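Okay, structure first, notes after.
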Amino acid sequence: MQQDPNSRPATGYPYPYPPQQPANGYPPNAGTAYPYQNHNPYYVPLQPPSLRAVLIFTAVLLLPILSIFFIFLIIVRPQSPTVYLNSLSVSNFTVSDNRLSGKWDLRLQFQNPNSKMSLHYDDVLCTLYRGRETLSETRLQPFDLGTKDQAPFNATLSVSGTYVDGRVVDSIGKERAEKGSVEFDLRVVSLVTFRYGVYTGRSSETVFCDDVAVGVGGNISSGNMVGPAMRCKRENGRFLHCSAGLMRETMK
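Heads up: the sequence shown begins at 134 in our numbering, then just goes up one per residue.
This is how it looks when you write it as structure tokens:
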């Protein structure tokens, strides 16, 4: 077949040239950014430590501390101090028109049951209340207790014409008529420092002497605590500070 010498490519369709291969072997990059090239084939990116590695490291770090802590507890055997209410008396006790007056004299006995730890009491606050109604409060001076030591302390609380809720007045009148006595509650809050050699720990101690009956029946304005001395109930101590990490928060 003879080719037409006047034939021309169709208008609008370019001549199909084969694609050119780049000289460097990489495909052409129409953008302006260049791909990152790792020139160090031996470089390995750092990976964050796994959870297992962190737990193992923490266990290895805490094991000596816990061992020393338990050895300390076995040797020293720290115990919480005890508080007794030996006596409570009231004088000039009157209740009239929701107004209460009176003077309470009490005697507390603090005991240190520890044979190897001394105690230092600071900021001792005594509060007298009836139900939820606070009547009076006072502070004791700081003091120390040696090992197996005990010390008595006297305190006075008084109120004069203090307003009280009507329900409190009614309950006092009912107890005086039925029992010939009135029950009061006492709370003692203090900061106690435990000392054993160079190691010290501090704890907030709270004790309660609840339902302490005082004989002021009828129209009697003075009376004494009914029954023998009583041991105040202790609330779990709250750990505040410890040196060398050798003190526990709640003691037996």
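Backbone N, C-alpha and C define an ideal beta-carbon position, used for all residues, glycine too. Predicted model, so just to flag it, every value in this text is computed and none were measured.
query, result
"Using the C-alpha atoms, what's the distance from Asp318 back to Asn352?", "21 angstroms"
"When the Cα of Glu316 is compared with those of Cys342, Arg364, Leu196, which residue comes out closest?", "Cys342"
"Taking Met363 as the reference, give the member of Ser220, Arg272, Leu278, Gly294 with the closest Cα.", "Ser220"
"When the Cα atoms are used, what is the spatial distance from Gly348 to Asp256?", "31 angstroms"
"In terms of alpha-carbon separation, which member of Leu196, Lys249, Val216, Ala288 lies closest to Tyr332?", "Lys249"
"Here's the rule: buried if 16 or more other CB atoms are within 10 angstroms of the residue's CB, otherwise exposed. What is Tyr254?", "buried"
"Buried or exposed: which applies to Ala288, given that a residue is buried once 16 or more other Cβ atoms fall within 10 Å of its Cβ?", "buried"
"Looking only at C-alpha atoms, which of Phe243, Ile189, Cys259, Thr260 sits nearest to Leu252?", "Phe243"
"How would you label Phe327, buried or exposed, when you count the other beta carbons within 10 angstroms and need 16 or more for buried?", "buried"
"When you compare the CB positions of Asn247 and Gln283, do they come within less than 7 angstroms of one another, or not?", "no"
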